[in-house]
DNA sequence: AACCCCTTTTGACCTCGGTCAATGCGACGA
DNA sequence: TCGTCGCATTGACCGAGGTCAAAAGGGGTT
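Protein chains in written order, with our numbering: chain F, 1 to 249; chain V, 250 to 498.
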């Protein structure tokens, strides 16, 4: 895991105390001692948009947290059909203690900075970091719930419902990453800047790029969204868009 | 969680030492002390086919392992569209320590016997059962991988590929539940007895019952499977069926 | 054996989203 | 200012799988 390409930047200068994901990542509940342990062994890596971070089956040598940027977890078939099975946004964890190979392909979709730990040392430290251990289980359970919610989307939702769900998901995650008191309840318009291209969205939603594009157009014509360029979506009425999702999640 | 219906049987007579899932469930790696703790607080419940075991949003009071039978985890939309997001076969764990509500609907599809623990006492005991704790994380990670594999199936596979994948999944899980040295490599024919109706399969695969039925017919006409009644599938050539799956999982 | 109930299968038809191809639209370098 | 390159949009067409409806199996029970 984590290629040592020439164009992968390795840095180590950031202090945990000023880390943007300090209170949401795997270290969220770490106490001073635990944080000191982590701080002493961590190092940073930065990947450019489009770079492969790890491939399914690779030896899993490094675990990490996303600090900035967006990456994807994906699964492919022999003939090239691909499904994104997880979006990795800031604070998400990559890799699993106790596994020795990478389970899914990991790709940077924007520039991504990771806070990394070598797996073996991290696993050894883990027994002395109960708060990290608990947080890891909690995050894994959250991921499992998210994966299962996505299964409903992939198996049963229409293209329009998929797009609406996706926009609200990104809106929700963006809000909770900026304001700590999160709730997408504001009545006025919401600006969403999409971290994904149409193509990547399609791969995430189990659609084709053309269908994604057509649904964006349809939502725009129906007045549910406005586009500012191709990567910024303005939602004038969140409740109206939510009504397109089909469920109460 | 776990209704106290009149027709839910509660029993407590089985010893862990003779339990059919002793070496695969959450207790798989429990030592003698840990097992004694579990043994002293556990109790059994049996549900009839079709009964609801728990509903999304219910207070989560009981955690359990499936001992015998098959249950489903499912997620529904307002208009009734439903997706099964997890199959619960013997040894699978239901519920999560640290959560206080049920995340998905749980339904018995055959008669199901559960080995149950009240949540609070179980959580308290958990700190004294490191092997159980580790096993729980491991099982959760396995579930997450399985969920993500299923996302590829739901998002990208054709109906035929879905059916083939499902048959092989059941075959694999059946084998690993009977023989410990599991590998579906036997050249001769394999008999699969399906725990699910066509309808339930459809709900699991993101299809309709008609499509499931048609694909069974198609696979039969192509000589890839033989049916013995409606619930038993004979696979004369596992490799040939595997070729229909579309990937190397 | 006749009836009922429920699941499964089959048929006819339609629609949503995929496919293939052309066109549009910035951003960037010459 | 003009190409060009990559992404996005739009159009025309098609087909896998959904929908609706009817027929065909099984078990049970009387």
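Positions of the beta carbon are idealized from the N, C-alpha and C atoms, including for glycine. In this text the structure is predicted, and so the values were computed from the model without any measurement.
Judged by DSSP secondary structure, residue 119/F falls outside any beta strand (DSSP E) and instead within the alpha helix (DSSP H) spanning 119 to 126.
Straight through space, the alpha carbons of residue 35/F and residue 371/V are spaced by roughly 29 Å. Taking all protein chains in view, the Cβ of residue 224/F is crowded by 16 or more other Cβ atoms within 10 Å, so the residue is classified as buried. Here residue 115/F carries a strand assignment [DSSP, helix/strand/coil]. Per DSSP, residue 134/F is one residue of the alpha helix (DSSP H) stretching across 130 to 156. By the neighbour-count criterion, in which 16 or more other beta carbons inside 10 Å mark a residue as buried, residue 219/F falls on the buried side. When the beta-carbon positions are compared, residue 171/F and residue 106/F stay at least 8 Å from each other. Interface with chain F (8 Å Cβ-Cβ cutoff): residue 335/V is included. With fewer than 16 neighbouring CB atoms inside 10 Å of its own CB, residue 227/F falls in the exposed class. Beta-carbon to beta-carbon, residue 192/F and residue 233/F are separated by about 5 Å, close enough to satisfy the 8 Å threshold. For residue 243/F, no alpha helix (DSSP H) encloses it, and the DSSP letter there is neither H nor E. At a cut-off of 8 Å, the C-beta of residue 353/V has a neighbouring C-beta in chain F.
Take residue 453/V, set aside five residues on each side of it, and the residues of its chain with a beta-carbon closer than 6 Å to its own are 333, in chain order. DSSP, reduced to helix, strand and coil, places residue 267/V within a helical segment of the structure shown. Secondary structure of residue 332/V (DSSP, three-state): strand.
Look at the region 369 to 390 of chain V: the residues with a C-beta under 7 Å from a C-beta of chain F are 386, 387, 389, 390. In the three-state scheme derived from DSSP, where H, G and I count as helix and E and B as strand, residue 302/V is classed as strand.
Not one beta carbon of chain F lies nearer than 8 Å to the beta carbon of residue 421/V. Annotation for residue 134/F: 29 place their beta carbon closer than 8 Å to its own, counting only its chain and skipping 5 residues before and after. Note on geometry: alpha-carbon atoms of residue 46/F and residue 266/V lie some 51 Å from one another.
Residue 244/F is outside the set of residues whose beta carbon lies under 8 Å from a beta carbon in chain V. Taking C-beta separations shorter than 7 Å and ignoring five residues to either side along the sequence, the partners of residue 159/F in its chain run 207, 211, 215, following chain order. Using a CB distance cut-off of 8 Å, residue 393/V counts as an interface residue toward chain F. The beta carbon of residue 213/F lies closer than 6 Å to those of 198 in the same chain, with the five residues before and after it left out. DSSP lists 74/F as the beta-bridge partner residues of residue 105/F. Secondary structure note for residue 313/V: its beta strand (DSSP E) is the uninterrupted segment 311 to 317. Relative to residue 349/V, the option among 90/F, 141/F, 189/F whose CA is nearest is 141/F. Using a CB distance cut-off of 8 Å, residue 215/F does not count as an interface residue toward chain V. Only 153, 154, 155, 156, 157, 161 from the region 153 to 173 of chain F bring a Cβ to less than 9 Å from some Cβ of chain V. Assignment of residue 230/F by DSSP, reduced to helix, strand and coil, places it in the coil class.
Between residue 70/F and residue 102/F, the C-beta spacing is not below 8 Å. In terms of beta-carbon proximity, residue 149/F lines the interface with chain V, with at least one pair separated by less than 8 Å. Residue 397/V is positioned such that its CB atom lies no closer than 8 Å to that of residue 338/V.
Chain order gives the chain F residues near residue 328/V as 246, where near means a beta carbon separation below 8 Å. Interface residue (Cβ-Cβ distance to chain F less than 8 Å): residue 271/V is not classified as such.
Of all alpha-carbon atoms in 324/V, 315/V, 449/V, 321/V, the one lying nearest the alpha-carbon of residue 341/V is that of 315/V.
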